[in-house]
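Enquirer:
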Amino acid sequence: MNDERSIMILTGAGISAESGLATFRGPGGLWEGHRVEDICTPGALAADPALVHRFYDLRRAALADVAPNAAHQALARLDAGWPGALLIVTQNVDDLHERAGAKRLLHMHGELRSALCAACGDRVSWCDPLPPGAPCGACREPALRPDIVFFGEMPYHMERIEEALSRCDLFVSIGTSGAVYPAAGFVQLARHYGAETLELNLEPSAGSDWFAESRFGPASALVPAWVDELLAT
Ligand code: APR
Numbered sequence: 001m002n003d004e005r006s007i008m009i010l011t012g013a014g015i016s017a018e019s020g021l022a023t024f025r026g027p028g029g030l031w032e033g034h035r036v037e038d039i040c041t042p043g044a045l046a047a048d049p050a051l052v053h054r055f056y057d058l059r060r061a062a063l064a065d066v067a068p069n070a071a072h073q074a075l076a077r078l079d080a081g082w083p084g085a086l087l088i089v090t091q092n093v094d095d096l097h098e099r100a101g102a103k104r105l106l107h108m109h110g111e112l113r114s115a116l117c118a119a120c121g122d123r124v125s126w127c128d129p130l131p132p133g134a135p136c137g138a139c140r141e142p143a144l145r146p147d148i149v150f151f152g153e154m155p156y157h158m159e160r161i162e163e164a165l166s167r168c169d170l171f172v173s174i175g176t177s178g179a180v181y182p183a184a185g186f187v188q189l190a191r192h193y194g195a196e197t198l199e200l201n202l203e204p205s206a207g208s209d210w211f212a213e214s215r216f217g218p219a220s221a222l223v224p225a226w227v228d229e230l231l232a233t
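For what it's worth, UniProt numbering labels the leading residue of the sequence shown as 1, then goes sequentially.
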């Protein structure tokens with residue numbers, strides 16, 4: 001294989017939809033019937049911690065019933081087989097990319113299976129429900145919260161992400177509506193730095209016009225086909 005282009009891949013809830021996890025927006029989406037501000041902001045956590053914890057406890061429990069689909073598996077295959085630089089940046093808080101075997105992966109919006117101590121910043125694995133008020137193992141403060149980036153908070157790993165965006169030759173966006181910044185602006189940055197851009201999504205996203213190429217359909221079909229194309233070059 002002669003192709004050693006540097007690839008950056010952004011994924012969103014659409015890649016996990018066919019595994020059975022609800023997306024955020026659209027019919028049956030997680031935000032349908034919920035006000036984002038009631039659940040996914042620092043203010044909501046302070047005002048009604050039990051509600052916020054219940055929302056994430058349910059989502060964490062749902063992970064036990066789902067498995068990576070053909071799209072996650074294809075990205076893991078690409079990660080293992082691609083000789084050039086590659087980075088998968090996911091907005092998803094599920095663990096399906098890593099369960100499929102992806103290694104070059106960053107969770108920019110946090111992870112359901114991690115707890116963050118709001119007092120000391122320590123992180124612990126969060127597999128079983130933690131009782132409200134459970135003390136942090138490091139500082140003993142009862143300040144453990146979901147390790148999720150709430151609206152109004154700074155996404156994780158932004159320095160590494162911006163560096164990868166500035167160097168990538170190909171930027172690919174998979175299963176995201178392009179409704180939430182800064183991820184929604186990555187395509188513009190990648191273009192600015194001269195990358196080719198490709199969108200793989202069920203339907204046109206808010207940012208579709210920014211992509212040089214868009215392919216529409218289910219991720220479980222589009223992603224393996226695209227990976228096969230790349231690995232054949
Ligand atoms: N294959 C490909 N794309 C799909 C599929 C599928 N099977 N099913 C749905 N999609 C597309 C939808 O058309 C939509 O454009 O996935 C996208 C999902 O969009 P959102 O629900 O908005 O999810 P996402 O873009 O990941 O949301 C971004 O918003 O609420 C916050 O922090 C949360 O990380 C999340 C962020």
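The beta-carbon is built from N, C-alpha and C at its ideal position, and this holds for glycine as well. Here the structure is a predicted model, which is why all the values come from computation and not from measurement.
#1: Could you work out which residue in Met154, Lys103, Ile148 and Trp82 is closest to Glu229 when comparing CA atoms only?
#2: Going by alpha carbons, who is nearest to Thr90 out of Leu106, Gln188 and Ala17?
#3: Going by the DSSP bridge assignment, what does Ile148 pair with across the sheet?
#4: Could you check whether the Cβ of Ala13 sits closer than 7 Å to any heavy atom belonging to the ligand APR?
#5: Alpha carbon to alpha carbon, what distance is there between Leu222 and Ala67?
#6: Pull up the DSSP beta-bridge partners for Thr176, would you.
#7: In this structure, what does DSSP give as the bridge partners for Cys117?
#8: Determine, using beta-carbon pairs with one atom in the segment 193-206 and one in the segment 27-42, whether at least three such pairs fall under 8 Å.
#9: Have a look at Asp79 and Cys120 and give me their C-alpha separation to the nearest angstrom.
#10: Is the separation between the beta-carbon of His109 and that of Val52 shorter than 8 Å?
#11: Is Thr41 near the ligand APR, in the sense that its beta carbon is under 7 Å from a heavy atom of that ligand?
#12: Please list the terminal residues of the continuous alpha helix (DSSP H) segment that includes Leu87.
#13: Are the CB atoms of Arg113 and Asp128 nearer to each other than 8 Å?
#14: In terms of residue numbering, what span does the beta strand (DSSP E) encompassing Arg123 cover?
#15: Going by the CB atoms, is the gap between Gly178 and Ala17 shorter than 8 Å?
#16: Would you check whether the ligand APR has a heavy atom nearer than 7 Å to the C-beta of His109?
#17: Give a yes or no on contact between the segment 56-71 and the segment 18-25, applying the rule of three or more CB pairs nearer than 8 Å.
#18: Does the segment 154-170 come close enough to the segment 132-144 to have 3 or more Cβ pairs within less than 8 Å?
#19: Whole angstroms is fine: what's the gap from Ala13's alpha carbon to His192's?
#20: Select from Val172, Leu75 and Arg123 the residue whose C-alpha is nearest the C-alpha of Gly101.
#21: Please name the residue, chosen from Ser205, Pro42, His157 and Pro146, that lies closest to Ser173 on a Cα-to-Cα basis.
#22: Can you give the beta carbon distance from Phe211 to Met8, rounded, assuming they're within the 8 Å contact cut?
Expert: Put simply:
#1: Trp82
#2: Leu106
#3: Gly110
#4: yes
#5: 18 Å
#6: Beta-bridge pairing links Thr176 to no other residue.
#7: Leu144
#8: no
#9: 34 Å
#10: no
#11: no
#12: That residue, Leu87, is in no alpha helix (DSSP H); its beta strand (DSSP E) goes Leu86 to Thr90.
#13: no
#14: Arg123 to Ser125
#15: no
#16: yes
#17: yes
#18: no
#19: 26 Å
#20: Leu75
#21: Ser205
#22: Rounded, the Cβ-Cβ distance is 13 Å, inconsistent with contact.
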